[in-house]
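Chemist: Got a structure here, written out as structure tokens. Questions coming.
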Amino acid sequence: MRVIVLGCATSTGVPIIGCTCPVCTSENPKNKRTRCSLYVETQGKNILIDTSTDLRFQALRHSITKLDAVLYTHSHADHTHGIDELRTYNFMNNMVIPCFGNTQTLANIENNFKYIFDGVRSAGGKPKLELNIINGEFGIGDASVIPVEIYHADWLIYGYRIGNMAYLTDCSGIPSESMDKLQGLELLIISALRYRPHEAHLNVEEAVMTVGELNPRLTVLTHMGHELEYDKLKSELPDGIVPAYDGMEVELNEP
Ligand SMILES: [Zn+2]
Ligand SMILES: [Zn+2]
Ligand SMILES: [Zn+2]
327 MRVIVLGCAT STGVPIIGCT CPVCTSENPK NKRTRCSLYV ETQGKNILID TSTDLRFQAL
387 RHSITKLDAV LYTHSHADHT HGIDELRTYN FMNNMVIPCF GNTQTLANIE NNFKYIFDGV
447 RSAGGKPKLE LNIINGEFGI GDASVIPVEI YHADWLIYGY RIGNMAYLTD CSGIPSESMD
507 KLQGLELLII SALRYRPHEA HLNVEEAVMT VGELNPRLTV LTHMGHELEY DKLKSELPDG
567 IVPAYDGMEV ELNEP
């Protein structure tokens with residue numbers, strides 16, 4: 327099982343347009359973050375989690391030429407605005423792309439991108455997507471996927487567990503039933519926006535506390551803003567927790 331952090335930024339990306347702070351002007355490539363998304367290869371299937379604003383660039387950077395499914399965490403712009411790039415996979419893979427998410431997420435996507443779903447033929451072409459509401463464990467071929475409900479402010483959105491890897495982005499809290507689904511992880515990827523608290527996102531301290539309750543073998547922090555400098559954050563984190571960087575790859579045994 328191969329996991330690639332395609333992007334690990336919060337919604338603005340880092341650098342932020344026009345910002346002259348030390349992180350936004352840093353020469354360290356690990357401080358240059360595109361919008362948050364994950365790519366997973368498992369059981370012969372290629373799975374994308376979210377279609378970030380930067381999907382085209384990310385897919386080119388990693389030569390991703392086949393997608394079997396897209397899992398949506400939620401419908402915020404930074405996680406969905408690359409949706410039109412799925413057209414390329416329709417052509418290249420000669421298939422309709424199955425997309426999965428909860429009821430609210432898929433309803434918002436249908437509403438926000440009406441042109442895709444209005445049934446009107448368009449000369450410019452549009453993505454061919456099949457929306458599938460999921461509310462429990464399901465399969466993509468032989469790969470088993472467990473949606474895990476987490477809070478994002480007052481929304482309940484999905485994180486996903488695939489084998490012994492879980493991806494929880496835009497998390498502000500985890501209900502106890504969901505904590506039960508996150509036991510025995512080899513890899514946890516969880517969001518940590520900044521040092522200061524935020525209504526809709528865990529900060530670094532809260533993310534580290536959550537990790538302490540779950541005890542995965544390795545934890546990677548993602549969805550990071552421009553307050554977080556890669557080397558500084560890395561030196562501050564406890565053993566077993568590291569910040570993500572764009573293009574970070576982790577190999578795991580197949581479940
Ligand atoms: Zn986000
Ligand atoms: Zn900045
Ligand atoms: Zn969000």
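When you read off a place in the sequence shown, starting at 1, and then add 326, the result is the number in the numbering used here. Every residue gets a Cβ at the ideal spot worked out from N, C-alpha and C, and that includes glycine. Here the structure is a predicted model, which means the values were calculated and not measured.
Distance check for residue 444 and residue 387, CA to CA, integer angstroms please.
Modeler: Approximately 32 Å, taken between the alpha carbons.
Chemist: Residue 458 bridges to which residues according to DSSP?
Modeler: DSSP, once it has assigned bridges, lists 426 as partnering residue 458.
Chemist: Using CA atoms only, rank isn't needed, just tell me which of 530, 566, 508 and 352 is closest to residue 545.
Modeler: Out of 530, 566, 508 and 352, 566 has the C-alpha closest to the C-alpha of residue 545.
Chemist: When burial is assigned at 16 or more other CB atoms within 10 Å of the CB, is residue 458 buried or exposed?
Modeler: By the neighbour-count rule (16 or more Cβ atoms within 10 Å), residue 458 is not buried but exposed.
Chemist: Is it true that the CB of residue 344 sits closer than 8 Å to the CB of residue 361?
Modeler: Taking 8 Å as the Cβ cut-off, residue 361 and residue 344 do not qualify as a contacting pair.
Chemist: When the distance is taken between beta carbons, is residue 508 closer than 8 Å to residue 540?
Modeler: It is a contact, given that the beta carbons lie within the stated cut-off.
Chemist: Round the Cβ separation of residue 329 and residue 491 to the nearest angstrom and send it over; I've been treating them as touching at under 8 Å.
Modeler: Residue 329 to residue 491, Cβ: 6 Å. Contact.
Chemist: Mind checking which residues open and close the alpha helix (DSSP H) that includes residue 416?
Modeler: Unbroken alpha helix (DSSP H) run through residue 416: 412-419.
Chemist: Under 8 Å between the Cβ atoms of residue 455 and residue 512?
Modeler: No, these two residues do not count as a Cβ contact at 8 Å.
Chemist: Give a yes or no on whether the C-beta atoms belonging to residue 373 and residue 397 are separated by under 8 Å.
Modeler: Closer than 8 Å, so yes.
Chemist: Is it buried or exposed for residue 535, if we count other Cβ within 10 angstroms and need 16 for buried?
Modeler: Exposed.
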